[in-house]
Structure formats: structure tokens, C-alpha cells
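Okay, so the sequence shown: first residue is -16 according to our numbering, each after it adds one. Everything below concerns the one structure shown next.
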Amino acid sequence: MALRDELLRSIWHAFTALDVDKSGKVSKSQLKVLSHNLCTVLNIPHDPVALEEHFKDDDEGPVSTQGYMPYLNKFILDKVTGNFDHQDFNRMCWTLCSRKNLDQSQLLISNDDAFKVWCIFNFLSEDRYPLIIVTEEIEYFLRKLTEAMGGSWVEERFEDYKVQLSVRQQSLNAWELILLVGSGQFIKGMDRQTLSMGINEVYQELIMDVLKQGYMMKKGHKRKNWTERWFMLKLNSISYFVGEDLAEKKGDILLDGCCSVEPLQDKEGKKCLFLIKSSHKSFEISASDKKKKQEWIQVTSLTVTSPLPLSAVQTCVSLLRQGRPMPHREARQKRREMRLKLQAEQEELQLRMSELQTANEAKQLELENMRKALEEAAAKAAEEERKRLQTQTELQDRYIMDIEREKIVRQQMEEQVAQKSTELEQYLQRVKDMEGMYRQLEDALEDERRARQDEEAVRRLQARLLEEEAVKRAELEEFHLQQQRAIAATEAEKQELERERLIKESALQAAMKQLDQLEQERQGALEQYQTVMKTLEDAANNTKTWKHKVAEHEGMLRLIQPGSKGQQMITNWGPAAFSDAELSHRQKKWQEMKNPEAQAQ
């Protein structure tokens, strides 16, 4: 969170503590004292004239937070540079509010531990006033505290506590959180000292931004001697002190993007050595054992994007290079963003439910109007039936009077009476039909009442289905995203295979062209071979005469006898032009010529 937000949280506690009657207002004299103290601890020049001018009016009554905020922002918070002791500032605000709200007799922890829990509350509380801490952050803090004490987290115990919180608003204020931790409800089996050490460790990590701390040996730069120091690693520096009480600070190792840490070989009787290289100096450090060395050298950072093990120092360097905040601050921001996102989704769902409820009420109103219209139609039909019955009665009376008066024409009257009786039966039948329609109308109204009950049940079912639909929709969206990623990967592989296929097809076409060219060359060579063979055959025929002449000259003329020719010699150039006897004779003559030459040599 920004520095202004951090300061406002502590100042809000102080302002609320000064509001004795809980009216939301504080007297001007108290606000002047508060403003002076704030300027003192924040190292801001105090301007009493501006203070008097701001509160100079005819109204001597108390001032609300809305009236104090303009002065606080303009004359105090806008001038804050960060060059002040945060702990002194928090101590001052704690002193003002703890006297009113803290009952030390109910706690197992000291006032200093309660102050640290109060600071942790300010760090984890929501960005709205009055300040509260929600269930998720309570669980996060209690888990960290349990791990710091070396205990095991009991999920069932916290679930029972969450049920108790659900009766309220699933949140606590600062003093309820201090009472929860100080009462020992979640530290059964732990003593007060262990609880105090656990609170201090969580405080060092969350509030003081300490990534790691512990005793190690450091080699001096001038005397070259080894001295035990208490080292404290923060995001941009490593401070070393005489002891863990931090009373005497001996120096700082400033960290930036150029720093690194390297393991060293054992030397000078020291083991478990490693080297921290900063921009200006290098520091040789000796851990107490290999485990401690590993904790400083091979600490895997969960917040750095590199998958390789990084040293604790290198983790800070990576965070500085990336311009990212401390891991716990980044995690807290992500949790808040997730809660805001869930809250927005819930509000959207409630809005949709209200729209459906409005639509349902409109439908019910429409059904109610239809029912009233049916009732009016039924009443109108009943009135018409009553008039018809009255008319029928009058007609009957008139017919009777006519019968009495006209006895002479009895026959005619009897016929008229028969005719009127028929009409009367028709009217009675109509009356029965109207009564049946009235009973059907009552049945329809009963069916409508049952339909409304069924509709109410369907509405409840619809609400449950909407909840399930939201869950399924989230799952389907996730599956759709996975499908899109898989389709994109498959499309890329498909394109790569298509390129390979095109390359292979082009290579195959080139090979086919080469094969056709080789086939043409082979045909040409075959034709040349046949031409050469024909030439050789002609040459062999032409040399027969020469061979006969040579044979006659040498006295080896052979008579050609009838019959089949002897077997010819086959050479690499085809059938030989001489027989076996001629070959033997030539070999013998060649040997005779060779021997004198060998003897001469």
C-alpha cells in the first residue's frame, strides 16, 4: 500500500481514540495536540500559524474527520518524505488508542506483543473505514503465526471459529484480533514465550519487511578477523548487528541489480563459506552449518519468475530489477484484488436475481389481472343469467294469465303453452350450462392457485440452477480456453506438417525429374552401346583378312574344316577374334620374349 494509506490507518486509530463519546467528532484542542505530535514523529516542521488559521472560526465545537482531513492532507501528509522512524510513529498512535481500548488483564501477551499484532492488523485490514480484517486475512495471519511457533495448523478449529464469525459480519476490528491472539484460543500447548517469539517473527516479516535473519560469522575488511554478527536481510539491504536485540548496528550491505552471492571453498579454518558481491565491496560470510548455508545460498524464491534455485540475496536483487514489492505485500494485494473480483461477481449475480424477481412479480401481476378479469366476466354472466331468469318468470306469469283469460281458445293456448314449455326447457338447459361454466371457472381459479405454488417452487429451483449454471459456466469457460490453446497448438503443428509435406513433395518432384533425366541418359547410353557394338562387329569383320595374312606369314595358316566352330573366347569387349590354340601360342611366344629380357637385366 502507499505510504499515505499506511499513515492514515494509524492516524485513524488515534483520532477514533480521541472521540470519547463516539460522535465522530474530536475537540479542536485535542486535534492541535495530535497534529503537533504527528509533525514531531514524522520529522515535519510544525507550523502553528497554519494550524490556528485552519481552525479559526466562530464555531468552538468539535471537528469531524471530514473537517480534519483537509488540514491533515495539506500540512502533514503532503510533506512526508519517508525520512522518519515508522516504529516511533506507530508507537505514538498506539499509545493514544491502546489506553482506551486495550484491557491487558484479559491477555496472555505483553503490551509490546499487542502493539505488534495491532501493526499487523493495520497491514492486513481492508481499504475502508472503520478498519476491519476479513476472515481470509485472519486465517492467513493465524497460519503464519502457527508456522512461526513451530505448531501444526488445525483446520477444524478455525472452521468452528468461522461459524462463530458468520453470526457477525465475518470480520474483526483491531482489538478483537488482539483479544483473539492474546487469549490463546489457537495456541493450545504453547507457552507465552513461544507465542511472543512467533508474533515477533511474523511482525519482522510483514511489517519490518525482513526476508531472513540469523547469526553468522563475517570477515573484517581491515583486520581480516572473523566476528559473529546478527544479519537481517531486507529488500534493498543486509544489516548486521552485534546481537539480535538490534541495539548496536555495525553496518549495511546495500543491494542493487548488480549484486550476487557465490559459495566459497572452506579456508582459514572456516567452513560453510559464501561471498556476497555488492557494487562497492565483497563480504565473506561463514554460516554455522551446511543447513544454514543452504538456507542463505539455495533458497527457492516463490515470487521470482526464474525456475532455478536462487539465493536469498539474489531473490532481493531479482525483485529490485523487476521493480516488484516484497513477496508478502504482493500476495496481500493479489488477495484483495481477488476479493474485489468475487464481490463484483456477487453484486452482478444479485442484480440479475433482482431483475428475475422483478420479471416474476410482473408475471404474477399479469396473472392477478387475468384472474380479476375472469371474476368480472363471471359476475357479468351471473347478472345476465339472473335477468334471463327474471324475464322467464315474467313470461310464464304472462302465459298463465293469457290461459285464464282465453279459456275459449284453450286449444290454441295449449299449443302456445307447449311451445313456451319447449323454450323454457332450452332456457333451463342454458342455465345448467352457465352453472357448469361457473364450476369450471372455480376449478380454473383453484388450478391457478396451485400453479402459483408450483411457480414459487420453480423459482426456487431456478435460483439454485442459476448458481449451478454460474459454476458450470466458469468451468466451461476454462475448458474453452484450454480448447483454444490446444487448437492453436494443433493448428501450428498442422501448418508445420504442411510445410514439411510441401518440401518433401518438391524434393520428390526434383527426384522424379532427375530419375527421368537418368532414364533418358540410360536410353542414350544404350543407343551408344548398340552403335559401338555394331562398330566393333564391323571392325572384327574387317580385321579377318589381316589375321589370315599374319597367320600365313608366321606359318600358322589353318585350314578351315567343315563342321561347327570351336568355342570362342569371351572378353570384356565381346567374342574374341582368335581361338584357344592361338591364345596359347601367343602366350608361349610372349613368355619367350620376356625371359631374355629378364636375363639381360
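We put the beta carbon where it would ideally sit given N, CA and C, even for glycine. All figures in this text were calculated on a predicted structure; none of them were measured in a lab.
Excluding the 5 residues flanking Asn20 on each side, which residues of the same chain have their C-beta closer than 7 Å to its C-beta? Met75
At a threshold of 8 Å, does Tyr223 count as lining the ligand FMN (C-beta to nearest heavy atom)? Looking for the ligand FMN in the displayed structure turns up nothing, as the structure carries no ligands at all.
Our contact map puts Asp96 next to Ile182 with C-beta atoms below 8 Å; I'd like the distance itself, whole angstroms only. 5 Å
Work out the CA separation of Gln340 and Gln333 for me, nearest whole Å. 10 Å
Please classify Phe462: is it buried, with 16 or more other beta-carbons within 10 angstroms of its beta-carbon, or exposed? exposed
Give me the residue from Glu231, Ser18 and Ile268 with the minimum Cα distance to Asp249. Ile268
Contacts around Gly234, its chain only, beta-carbon distance under 8 Å, and the 5 residues preceding and following it disregarded: Ser222 and Tyr223
Straight-line gap, Thr78 to Asp68 (C-alpha atoms, nearest Å): 16 Å
Cβ shell of Ser(-7) (< 7 Å), same chain only, five flanking positions each side left out: Phe72, Asn73, Cys76 and Asn105
Rounded to the nearest angstrom, how far is the Cβ of Gln89 from that of Leu162, given a contact under 8 Å? 6 Å
On the three-state DSSP scale, how would you describe Pro53? helix
Taking the alpha-carbon positions, what's the Lys131 to Met180 distance? Per the sequence presented here, residue 131 reads as Ala, with Lys not at that position. The alpha-carbon atoms of Ala131 and Met180 are separated by roughly 8 Å.
Got a sec, what are the start and stop residues for the beta strand (DSSP E) Met75 sits in? Note, Met75: premise wrong, no beta strand (DSSP E); alpha helix (DSSP H) at His69 to Asn84.
Taking the CB atoms as reference points, tell me whether Lys317 and Val185 lie closer together than 9 Å. no
Please list the terminal residues of the continuous alpha helix (DSSP H) segment that includes Leu14. Lys11 to Val24
8 Å contact criterion, which Ala0 and Asn84 should meet: CB distance rounded: 7 Å
So, are the CB atoms of Leu428 and Leu357 less than 9 Å apart? yes
Does DSSP put Leu348 in a helix, in a strand, or in coil? helix
First through last residue of the alpha helix (DSSP H) which encompasses Met180: Arg175 to Leu189
Report the option in Asp426, Ile115, Leu25 and Met215 whose CA atom is closest to the CA atom of Lys62. Leu25
Does Val117 come out as helix, strand or coil in the three-state DSSP assignment? strand
Go ahead and pull the three-state DSSP assignment for Asp235. strand
Given Met396, which residues of its chain have a CB within under 7 Å of its CB, disregarding the five upstream and five downstream residues? Asp385, Ile386 and Glu389
By DSSP, does Tyr112 sit in helix, in strand, or in coil? coil
Unbroken alpha helix (DSSP H) run spanning Met309, endpoints: Segment: none, Met309 is in no alpha helix (DSSP H) and carries neither H nor E.
Taking the alpha carbon of Lys274 as the reference point, which residue from Lys254, Ser262, Lys264 and Phe266 has its own alpha carbon closest? Lys254
Can Glu585 and Lys232 be called in contact, C-beta distance under 9 Å? Since the first residue shown for the chain is -16 and the last is 584, residue 585 is missing from the structure and cannot be characterised.
According to DSSP, what are the bridge partners of Gly197? Phe214
Do Leu237 and His263 have their beta-carbon atoms positioned less than 9 Å apart in this structure? yes
Out of Asn66, Val3, Glu122 and Gln49, point me to the one whose CA is closest to Cys80's CA. Val3
Between the alpha carbons of Ala270 and Lys260, how many angstroms are there, rounded? 16 Å
Leu424 to Ala362 span [Cα, whole Å]: 11 Å
Buried or exposed: Met353, going by 16 or more other Cβ atoms within 10 Å of its Cβ? exposed
So, does the region 110 to 125 touch the region 133 to 150, judging by three or more C-beta pairs under 8 Å? yes
Beta carbon of Ser18, beta carbon of His29: below 9 Å? yes
Quick check: Ser154 and Thr118, are their CB atoms within less than 9 Å of each other? yes
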